[in-house]
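S.K.: Okay, here's the structure, questions in a sec.
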Amino acid sequence: MPKLFVLLSYAIHTLTAARQAYTPDCIWRNRDHFFSGTDAIIDFLTRKWEKEKGYRLRKELFAFGDDKIAVQFWYEFKDAQSGKWTRCYGLEDWTFAEDGKMRKRQMSGNNIEISEAERWFKEGVDVNSVDISEAHW
């Protein structure tokens, strides 16, 4: 399974695709949440996607090795309860099994509240065309 599949399944919010992208015992750390297994991943993503509306994501390759890659990312969402926009800045590292499925994922990210005017990834904007300066790396 191509590694790009993991990125795409996550970015398009498809739980069926996400389930296929990870090993059954995949280990995750997402900020201060530690869990493992496909069911726990799906539960986490379900809760996350219920909260984060208007989710727009950009990831860029940061580094790679034989079975590992690291990506830097930025995403924006509107909080389902408060209605406020947020941008997350972060880094992830992924380790892959022999079959190409992800077997470990770690994510560190920082959220900042932004106004509608400060958004980079508005509807209709290609997230990969936005110029993100080095100050935001």
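Numbered per mature numbering (1 follows the signal peptide of the UniProt record, and there is no 0), the sequence shown spans residues -18 to -1, 1 to 119.
Each residue gets a CB set at the ideal place from its N, CA and C atoms; glycine is no exception.
Keep in mind the model is a prediction, meaning the values are calculated, not measured.
(1) For the alpha helix (DSSP H) that contains E116, what are its first and last residues?
(2) Output the distance between the C-alpha atoms of N92 and R101, rounded to the nearest integer angstrom.
(3) Does DSSP classify A(-1) as helix, strand or coil?
(4) Going by DSSP, what residue range makes up the alpha helix (DSSP H) through D21?
(5) Leaving out five residues on either side along the sequence, give the residues of the same chain with a beta carbon under 8 Å from the beta carbon of A62.
(6) What did DSSP end up calling E80 once you bin it into helix, strand or coil?
(7) Near F59, which residues of its chain fall below 7 Å by C-beta distance, leaving aside the five closest residues on each side in sequence?
(8) Helix, strand or coil for E105, going by three-state DSSP, please let me know.
(9) With a CB to CB cut of under 8 Å and the five nearest residues on each side skipped, what residues in its chain are close to G19?
M.R.: If we stick to the structure as given:
(1) For E116, there is no enclosing alpha helix (DSSP H), as DSSP marks it with neither H nor E.
(2) Their Cα atoms are separated by approximately 16 Å.
(3) DSSP places A(-1) in helix when its eight states are reduced to three.
(4) Element bounds for D21: T20 to K33.
(5) Excluding sequence neighbours, A62 sits near E32, K33, E34 and K35.
(6) Coil.
(7) Only residues of its own chain outside the window of five on either side were considered, and among them E34, K35, G36, Y37 and T68 have a CB closer than 7 Å to the CB of F59, listed in chain order.
(8) In this structure, E105 counts as coil in the three-state DSSP scheme.
(9) Hits under 8 Å: P6, D7 and C8.
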